[in-house]
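Visitor: Numbered per this note's numbering, the sequence shown spans residues 2 to 284. Cβ atoms here follow ideal geometry from the backbone N, Cα and C, with glycine treated the same way. Please read these numbers as outputs of a predicted model, since none were measured by experiment.
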Amino acid sequence: MTEQLQTVMEHIQAADAIVIGASNGLSISEGIHIFAENEDFARHFGEFRAQHGFRCIIQGCFHPYPSEAQKWAFFSRMHQYFLRDKAPSQVMQDLYDLVKDKNHFVLTSNIDAHFHLAGFDPSRLFEIEGNCRSMQCAVACHDRLYPGDDVLSELAQSVQDGKIPEELLPKCPECGGPMKVHIEIDRLFLKGSEWNERKRGFSDFIERVSGKKIVFLELGVGARNQLIKAPLMRIAECEPNASYICFNRGAEVYIPREIESKAIGVDGDIAQALRQLAAMLPA
Numbered sequence: 002m003t004e005q006l007q008t009v010m011e012h013i014q015a016a017d018a019i020v021i022g023a024s025n026g027l028s029i030s031e032g033i034h035i036f037a038e039n040e041d042f043a044r045h046f047g048e049f050r051a052q053h054g055f056r057c058i059i060q061g062c063f064h065p066y067p068s069e070a071q072k073w074a075f076f077s078r079m080h081q082y083f084l085r086d087k088a089p090s091q092v093m094q095d096l097y098d099l100v101k102d103k104n105h106f107v108l109t110s111n112i113d114a115h116f117h118l119a120g121f122d123p124s125r126l127f128e129i130e131g132n133c134r135s136m137q138c139a140v141a142c143h144d145r146l147y148p149g150d151d152v153l154s155e156l157a158q159s160v161q162d163g164k165i166p167e168e169l170l171p172k173c174p175e176c177g178g179p180m181k182v183h184i185e186i187d188r189l190f191l192k193g194s195e196w197n198e199r200k201r202g203f204s205d206f207i208e209r210v211s212g213k214k215i216v217f218l219e220l221g222v223g224a225r226n227q228l229i230k231a232p233l234m235r236i237a238e239c240e241p242n243a244s245y246i247c248f249n250r251g252a253e254v255y256i257p258r259e260i261e262s263k264a265i266g267v268d269g270d271i272a273q274a275l276r277q278l279a280a281m282l283p284a
């Protein structure tokens, strides 16, 4: 792998622009697996498993809670779980170090807000499905997102018997109804002005760097992913000076025939690969 990563590093260093496409595999490399019923889930969400029956974090996101008090108990715990260290993981720090001095943009479906923790510029970040630290009106009665860190941290400390005290439940400042975390779990996910600004930011970035040496770093995106992998590969296919580098495991390292000549598939542990690449950076 070392020789292959040396080639990857040469592409990164020669790049005029870098596009990061990230999904669940990147989070898994940090030790967070939202689809798994594992020891980590049992340790942090065991009481929710016992009370509601769901077996992983993603099921908890979509679970039909009997009450707002129980819903916010889970989502405040999820926020606490994702952001518990208040600092970037080694994986995210290595990724940031690789691209921080390059013109870059991030497209991700991850909801853990770890790109924020790692220091990535929010104006260069499009979280397609939202993140765990922003809130919206539950019925999207108006076009505004609210910072949720302080509220969610307070809620997480107040959980008793799987519920939040009624007097602490977040209320929409416009309609007085319930709030929810801004992640895409239903049709009322707010794709408002802020979301569309980030979407335009990505489109504008691609337009500005078109024709230049663009390196696409695809990190832990499923082989059939139509949200991130498919559009990035289409762009790479059309860009004459693009390089496409896919980091994943086994069959998930998927590279279609259309971009074979400009692609590299790195099969293995993403954390280890990023650590090795970061070690190649000039001192």
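In its own chain, which residues sit with a C-beta less than 8 Å from the C-beta of Glu259, not counting the 5 before and 5 after it?
Guide: Excluding positions up to five away in sequence, the list reads Met234 and Glu238.
Visitor: At the level of alpha carbons, what is the spacing between Leu228 and Lys213?
Guide: 24 Å
Visitor: What would DSSP say about Glu219, mapped onto helix, strand or coil?
Guide: strand
Visitor: With distance defined between alpha-carbon atoms, name the residue in Leu153, Ala272 and Ile207 nearest to Lys72.
Guide: Leu153
Visitor: Taking Met93 as the reference, give the member of Leu282, Pro283, Arg276 and Ala284 with the closest Cα.
Guide: Out of Leu282, Pro283, Arg276 and Ala284, Arg276 has the C-alpha closest to the C-alpha of Met93.
Visitor: Quick check for students: name the residue ranges of the beta strand (DSSP E) that lie wholly in the region 94 to 154, counting only runs of 3 or more.
Guide: Listed in chain order, they are 105 to 109, 126 to 128 and 131 to 138.
Visitor: Give the DSSP-derived three-state secondary structure of Ile260 in the structure shown.
Guide: Taken through DSSP and simplified to helix, strand or coil, Ile260 comes out as helix.
Visitor: Hey, does Glu238 have any beta-carbon neighbour from chain C nearer than 8 Å?
Guide: Among the chains in the structure shown there is no chain C, since it carries only a single protein chain.
Visitor: Give the DSSP-derived three-state secondary structure of Gly212 in the structure shown.
Guide: coil
Visitor: Are Ile1 and Phe76 close, meaning C-beta to C-beta below 8 Å?
Guide: What is shown of the chain runs 2 to 284, which leaves residue 1 out entirely.
Visitor: Just tell me which of Asn132, Asn242 and Ala284 has its CA closest to the CA of Lys181.
Guide: Asn132
Visitor: Going by beta carbon distance, what residues of the same chain come within less than 8 Å of Ile184, once the five residues before and after it are set aside?
Guide: Cys62, Ile112, Glu130, Gly131, Asn132, Cys133 and Phe190
Visitor: Restricting to Cα atoms, I'd like to know which of Ser194, Asp162 and Tyr97 is closest to Glu48.
Guide: Asp162
Visitor: Rounded to whole angstroms, how far is the Cβ of Cys173 from the Cβ of Pro179, which I believe are closer than 8 Å?
Guide: Taking 8 Å as the upper bound for CB-CB distance, Cys173 and Pro179 are in contact here, some 7 Å apart.
Visitor: Indicate the three-state DSSP secondary structure (helix, strand or coil) for Met180 in the structure shown.
Guide: strand
Visitor: For the beta strand (DSSP E) containing Ile35, name the first residue and the last one.
Guide: Segment: none, Ile35 is in no beta strand (DSSP E) and carries neither H nor E.
Visitor: Please classify Thr8: is it buried, with 16 or more other beta-carbons within 10 angstroms of its beta-carbon, or exposed?
Guide: exposed
Visitor: Counting C-beta neighbours from all protein chains within 10 Å, is the total for Thr109 16 or more, i.e. buried, or is it exposed?
Guide: buried
Visitor: Expressed to the nearest angstrom, what Euclidean distance is found between the alpha-carbon atoms of Ala284 and Asp86?
Guide: Spanning the two alpha carbons is a distance of roughly 27 Å.
Visitor: Any contact of the region 118 to 125 with the region 135 to 150, i.e. 3+ C-beta pairs under 8 Å?
Guide: no
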